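So the protein lines, in turn, are chains A and B. So the first sequence is numbered by this note's numbering: it starts at 374 and just counts up by one. So the second sequence is numbered by this note's numbering: it starts at 374 and just counts up by one. Where is the CB? At the ideal position from N, CA and C, for every residue including glycine. In this text, all values refer to a predicted model and were calculated from it rather than measured experimentally.
There are 2 protein chains.
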Amino acid sequence: MRIAIDVMGGDHAPRAQVESAKAAAAEWPDTQLILVGDPEAIKPLLGPDVPANITIESALEVIGSEDEPVKAVRRKTNSSMVVAGRLVKEGKADAMISAGNTGALMATGLLVVGRLKGIERPALAPMFPTLDQVGILALDMGANMDAKPEHLLQYAIMGSMYRSKVHGIANPRVGLLNVGTEAAKGNELTKAAYELLEQAPINFVGNVESRDVLNGPCDVVVCDGFSGNIMLKSIEGAASVVFKVLREQMTSSFTAKIAASILKPKLRKVRELFDYNEYNGAPLLGVNGLVIKAHGSSDANAMKVAIRETRKTIGNGLISAIAEEISGK
Amino acid sequence: MRIAIDVMGGDHAPRAQVESAKAAAAEWPDTQLILVGDPEAIKPLLGPDVPANITIESALEVIGSEDEPVKAVRRKTNSSMVVAGRLVKEGKADAMISAGNTGALMATGLLVVGRLKGIERPALAPMFPTLDQVGILALDMGANMDAKPEHLLQYAIMGSMYRSKVHGIANPRVGLLNVGTEAAKGNELTKAAYELLEQAPINFVGNVESRDVLNGPCDVVVCDGFSGNIMLKSIEGAASVVFKVLREQMTSSFTAKIAASILKPKLRKVRELFDYNEYNGAPLLGVNGLVIKAHGSSDANAMKVAIRETRKTIGNGLISAIAEEISGK
């Protein structure tokens with residue numbers, strides 16, 4: 374399998390991207406890694422002993438985090454992100470990974486790789502950590518801010534396919550993010566979506582409240598990109614505030630410090646539950662190829678997790694299964 | 374000042390309501406507490422020594438948590454909630470408090486107490502805890518699931534008035550809940566609302582991300598009721614999961630238990646930060662009277678906090694100030 378990596382996108386680019394590729398190349402000899410970016414930046418980081426399964430694809434432009442997404446993708450046709458997308462489009466890579474500008478990656482998916490026929494809006498679908506450590510696929514987490522009921526239906530079908538094809542879950546449970554569990558709850562969008570989901574060829578388990586998502590009430594949760602983003606950042610923010618106050622309290626006296634040092638390994642386990650890097654690599658579902666978003670803040674370890682997850686998605690017929698299900702409707 | 378209390382609504386009704394009223398009557402002799410509900414249920418809890426500033430208003434029907442809100446308010450005209458609303462409407466009470474069915478309380482505000490002229494949608498406005506312990510007023514937290522840009526504008530004006538009149542904050546900072554801080558971010562609703570808020574007679578500080586809300590980036594945050602509810606429950610859910618895992622880890626071995634017992638008072642401080650009972654008593658802003666929602670799970674202490682907060686809102690001209698500001702537009 375061949376994976377194109379946008380080497381120039383992300384907070385720790387290009388170092389994290391190149392280092393993770395070297396580690397991945399050693400661990401998975403069956404995987405060809407195509408490093409897309411400025412060769413002058415990549416070569417010193419690669420060093421003299423370049424593994425046989427790493428190649429460089431030159432792309433001298435860079436799309437930055439401040440670039441306006443659609444404009445950047447249209448104009449910077451020789452940027453590392455767009456070139457990686459083109460490799461997927463042309464069948465020269467089986468997937469691409471980028472930790473760069475999220476909006477630009479969505480635009481690359483739409484404009485360079487292209488939408489799957491019948492899909493109105495591709496969706497960004499990361500995994501959320503859950504208490505049982507199984508995780509839950511949540512979509513859309515921000516590819517489209519506004520959604521119609523029909524979009525949520527397509528998200529549900531695509532998310533369900535992903536969980537069954539990539540994670541091997543038979544008959545994945547699909548929930549609808551809502552403000553209450555009763556069928557009549559919600560806004561105009563969720564009320565209409567509920568009716569569509571009830572009729573869909575999926576295992577719809579009804580409404581799911583955001584306070585329960587971390588308990589893993591289902592395998593897939595669907596929502597509009599705005600609400601999804603609010604949920605994601607609320608959870609991150611709340612967890613980070615609790616840990617911050619915890620740290621302050623545990624270093625506030627001598628005895629507290631001693632007690633905290635005894636508990637340190639235990640506390641690390643709690644922290645790990647919220648380690649989103651362990652779930653790095655979110656697919657953009659609904660485009661005609663595998664486009665994977667890594668966290669902007671990915672270090673080399675997190676990038677390697679994204680490569681590991683991307684390997685799982687290749688060769689299981691996910692894209693063709695989605696295409697068949699959607700166009701068959 | 375005279376406060377009508379719906380004694381029959383809430384998980385711990387009527388005991389928590391009556392006990393809190395007795396404590397409040399002793400602490401604040403200037404406050405007349407009108408207990409609205411079934412006298413037969415109230416009297417035994419009040420005991421023989423009834424304080425002079427407690428009276429009972431008989432209301433024999435009860436609106437339950439399962440009742441359909443609008444229908445219940447229309448039909449159960451002798452319910453404790455509707456009767457309390459009528460006391461406010463008729464000027465026999467300066468405010469009412471209920472821990473009962475939230476939807477029914479919204480309907481009581483609209484149908485019994487009545488909307489303020491010019492207000493399209495009243496909003497539920499609870500305080501969120503923040504790291505600096507100042508708190509942030511968030512609205513709408515669920516009175517209306519869908520909102521138009523003009524509604525968010527009215528929420529902003531009402532929230533701003535509340536913070537200045539009730540909490541004495543000069544020129545309160547108003548933020549718009551959004552998925553990014555840049556002006557162009559968001560969905561159709563927030564983009565249009567942003568432009569309105571920029572022109573409004575308030576101290577608009579721009580977009581606020583849900584991950585920052587607990588850090589207190591502003592004094593008021595506005596959003597549609599659906600997103601607000603998603604945020605509220607995400608934060609509650611994440612905090613409760615962290616504490617759950619923490620508890621498990623801290624009791625997972627003998628030494629962990631010893632260390633945890635030393636840290637116990639410190640950990641309690643962390644827990645207290647997320648104690649929503651400390652912020653009990655959310656006003657329904659935009660109705661022509663003071664209608665205060667207490668948490669459904671309120672115990673006697675939490676109910677007393679709601680009474681304390683309600684006292685602050687009486688007599689400062691909040692309602693007339695909102696009416697003037699809105700009709701003057």
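Output the distance between the C-alpha atoms of residue i and residue j, rounded to the nearest integer angstrom.
i, j, result
"Glu413(A)", "Glu434(A)", "12 angstroms"
"Thr683(A)", "Ile378(A)", "11 angstroms"
"Leu525(B)", "Arg494(B)", "9 angstroms"
"Val660(B)", "Val586(B)", "26 angstroms"
"Asn474(B)", "Asp440(B)", "8 angstroms"
"Asn689(A)", "Gly410(A)", "28 angstroms"
"Pro502(B)", "Trp401(B)", "26 angstroms"
"Ala566(B)", "Glu523(B)", "7 angstroms"
"Ser693(A)", "Phe599(B)", "35 angstroms"
"Met374(B)", "Leu408(B)", "14 angstroms"
"Ile436(B)", "Gly476(B)", "11 angstroms"
"Ile509(A)", "Glu698(B)", "46 angstroms"
"Gly589(A)", "Leu512(A)", "15 angstroms"
"Asp592(A)", "Val547(A)", "6 angstroms"
"Asn633(B)", "Leu636(A)", "According to the sequence as given, residue 633(B) is Ala; it is not Asn. Near 8 angstroms, if we compare the C-alpha coordinates of Leu636(A) and Ala633(B)."
"Leu657(B)", "Glu555(A)", "24 angstroms"
"Leu663(B)", "Met469(B)", "6 angstroms"
"Lys702(B)", "Leu419(B)", "Any answer about Lys702(B) is weak, because its pLDDT of 49 lies below 50 and its placement is not dependable; what the coordinates show is given next. Roughly 48 angstroms between the two C-alpha positions."
"Ala611(B)", "Glu609(A)", "8 angstroms"
"Ala655(A)", "Pro545(A)", "18 angstroms"
"Asn551(A)", "Thr450(A)", "40 angstroms"
"Asp505(A)", "Ile665(A)", "25 angstroms"
"Ile687(A)", "Pro442(A)", "27 angstroms"
"Ser537(B)", "Val618(A)", "29 angstroms"
"Ala557(B)", "Glu430(B)", "53 angstroms"
According to DSSP, which residues form a beta bridge with residue i?
i, result
"Phe647(A)", "None, per the DSSP bridge assignment."
"Lys666(B)", "Ser471(B), Ala655(B)"
"Leu478(A)", "According to DSSP, Leu478(A) bridges with nothing at all."
"Ala496(B)", "Leu658(B)"
"Val594(B)", "Ala511(B), Gly548(B)"
"Phe501(B)", "Ile509(B)"
"Glu434(B)", "Ser452(B)"
Which residue's Cα is closest to the Cα of residue i: the options?
i, options, result
"Ala389(A)", "Arg375(A), Glu651(A), Ile603(A), Ala673(A)", "Ala673(A)"
"Asp597(A)", "Ala696(A), Leu460(A), Lys521(A)", "Lys521(A)"
"Gly553(B)", "Glu561(B), Ser583(B), Leu569(B), Leu562(B)", "Ser583(B)"
"Ser438(A)", "Ile492(A), His668(A), Glu523(A)", "His668(A)"
"Ser671(B)", "Val664(B), Ile687(B), Glu621(B), Asn653(B)", "Asn653(B)"
"Ala432(B)", "Asp505(B), Met381(B), Ala516(B)", "Met381(B)"
"Lys606(B)", "Val578(B), Met514(B), Ile687(B)", "Met514(B)"
"Thr624(A)", "Arg536(B), Lys639(B), Pro417(B), Ser613(B)", "Lys639(B)"
"Phe616(B)", "Val643(A), Val507(A), Val455(A), Ala466(A)", "Val643(A)"
"Gly704(B)", "Pro656(B), Leu504(B), Ile376(B)", "Only positions 374 to 702 of chain B appear in this structure, which leaves residue 704(B) out of reach."
"Met518(A)", "Asp505(A), Ile603(A), Glu568(A), Cys591(A)", "Ile603(A)"
"Leu386(B)", "Ile429(B), Ile687(B), Ile427(B), Ala472(B)", "The displayed chain sequence assigns Ala, not Leu, to residue 386(B). Ranking the options by Cα distance to Ala386(B), first place goes to Ala472(B)."
"Ala445(B)", "Pro417(B), Ala480(B), Ala466(B)", "Ala480(B)"
"Ala396(A)", "Arg681(A), Ile687(A), Ala629(A)", "Arg681(A)"
"Ala399(A)", "Lys416(A), Ile427(A), Gly383(A)", "Ile427(A)"
"Gly559(B)", "Asn580(B), Glu651(B), Thr450(B)", "Asn580(B)"
"Arg641(B)", "Asp648(A), Glu621(A), Phe647(A), Leu646(A)", "Glu621(A)"
"Glu645(A)", "Ile687(A), Ala655(A), Ser613(A)", "Ser613(A)"
What residue does the alpha helix (DSSP H) around residue i start on, and which one ends it?
i, result
"Ile509(B)", "No alpha helix (DSSP H) contains Ile509(B), which is instead part of the beta strand (DSSP E) from 509-512."
"Gln622(B)", "598-623"
"Ala529(A)", "522-538"
"Leu418(A)", "412-419"
"Val486(A)", "Premise fails: Val486(A) is in no alpha helix (DSSP H) and is neither H nor E."
"Val446(A)", "442-448"
"Val455(B)", "453-462"
"Thr404(A)", "Careful: Thr404(A) lies outside any alpha helix (DSSP H) and carries neither H nor E."
"Glu561(A)", "561-572"
"Leu691(B)", "691-700"
"Glu439(A)", "It is not in any alpha helix (DSSP H) - Glu439(A) carries neither H nor E in the DSSP assignment."
Between which two residues does the beta strand (DSSP E) holding residue i run?
i, result
"Val547(A)", "546-551"
"Ile429(B)", "427-431"
"Ile378(B)", "375-379"
"Glu582(A)", "576-582"
"Val678(B)", "Careful: Val678(B) lies outside any beta strand (DSSP E), inside the alpha helix (DSSP H) at 673-686."
Given 8 angstroms, three or more beta-carbon pairs between the segment 521-537 of chain B and the segment 567-586 of chain B:
Enough Cβ pairs lie closer than 8 angstroms, so yes.
Using 8 angstroms as the Cβ pair cut-off and three pairs as the minimum, do the segment 390-398 of chain B and the segment 675-683 of chain B touch?
By the C-beta criterion, the segment 390-398 of chain B is judged to be in contact with the segment 675-683 of chain B, since at least 3 inter-stretch pairs fall below 8 angstroms.
Is it a yes or a no for the segment 447-465 of chain B touching the segment 475-492 of chain B, going by three-plus beta-carbon pairs under 8 angstroms?
Yes, they touch.
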